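Report on the following structure.
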Amino acid sequence: MIFLISLITTGAETPPLAHRSLVAPPPSSGEECGHTVSPPRNCLCSETISTASRCFYFVRGWEEKMKQVVGMVVSNKMQKSVVVAVDRLFYHKVYNRYVKRTSKFMAHDENNLCNIGDRVRLDPSRPLSKHKNWIVAEILKKARIYVPPSTPMSDNVNSSSKVPAS
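Under my numbering, the first residue of the sequence shown is numbered 254, with each subsequent residue one higher.
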């Protein structure tokens with residue numbers, strides 16, 4: 254029993270306190286690329302890779318799950334945001350036919366160029382807010398907006414204000 258206590262208190266695995274200050278802390282590869290924990294073994298955050306592509310591991314994670322989608326703008330009432338409806342077809346095994354499902358995504362529109370009815374292509378991005386994970390990459394087709402023909406106001410005012418002479 255006394256032998257076990259002496260092994261635990263001596264600390265054979267760790268260097269003595271006098272030598273600990275001389276030992277440099279191990280370099281954390283996560284400090285440069287933003288990892289909060291140590292990256293996995295297949296992470297590309299090594300010293301031989303340029304700084305621009307060090308965080309490829311995290312970018313690749315969400316990009317593989319999300320593909321580019323094409324949809325129709327259904328709402329543009331927010332600043333720098335649009336709601337896009339995306340239709341998808343899938344084969345239903347029970348009904349033995351294709352079924353159409355519509356999903357609505359919020360997307361970032363930096364310059365507020367999208368109008369209701371525009372056909373747009375969305376690219377995946379990092380989460381921009383609670384519901385925005387997409388960016389409007391391009392407007393494929395602008396919607397036709399009905400503009401009524403303009404009538405001169407002076408003609409309408411003069412014709413309605415004239416009183417027939419009797």
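Think of the CB as a built atom: it goes at the ideal place given N, C-alpha and C, for glycine as much as any other residue. Every value quoted in this text rests on a predicted model; they were computed, and no experiment measured them.
For residue i versus residue j, is the C-beta distance shorter than 8 Å?
i	j	result
D376	A390	yes
V323	V336	no
I369	A338	no
Quick check on the burial criterion: 16 or more other C-beta atoms within 10 angstroms. Buried or exposed for residue i?
i	result
M331	exposed
N329	buried
S334	buried
V214	Past the edges of the chain, shown from 254 to 419, lies residue 214, and the structure says nothing about it.
E340	The sequence given here places Asp at residue 340; Glu does not occur at that position. By the 10 Å Cβ count, D340 comes out exposed.
A360	buried
Cα separation between residue i and residue j?
i	j	result
M254	K318	Because M254 sits at a pLDDT of 49, beneath the cut-off of 50, its placement in the model cannot be relied upon, and the following sentence gives the value as read from the coordinates. So the alpha carbons of these two residues sit roughly 57 Å apart.
N364	S382	17 Å
K346	S403	55 Å
K385	F358	7 Å
L393	C367	11 Å
R350	Y344	6 Å
C308	L342	Because C308 sits at a pLDDT of 39, beneath the cut-off of 50, its placement in the model cannot be relied upon, and the point is left open.
A305	S378	In this prediction, A305 scores a pLDDT of 42, lower than 50, which makes its location untrustworthy; no coordinate-derived value is stated.
W425	I398	No statement about residue 425 is possible, as the shown extent of the chain runs from 254 to 419 and does not include it.
K320	P401	40 Å
S356	M325	11 Å
Every unbroken beta strand (DSSP E) within the stretch 341-415, with a cutoff of 3 residues, ordered by chain: 350-361, 372-377, 385-394
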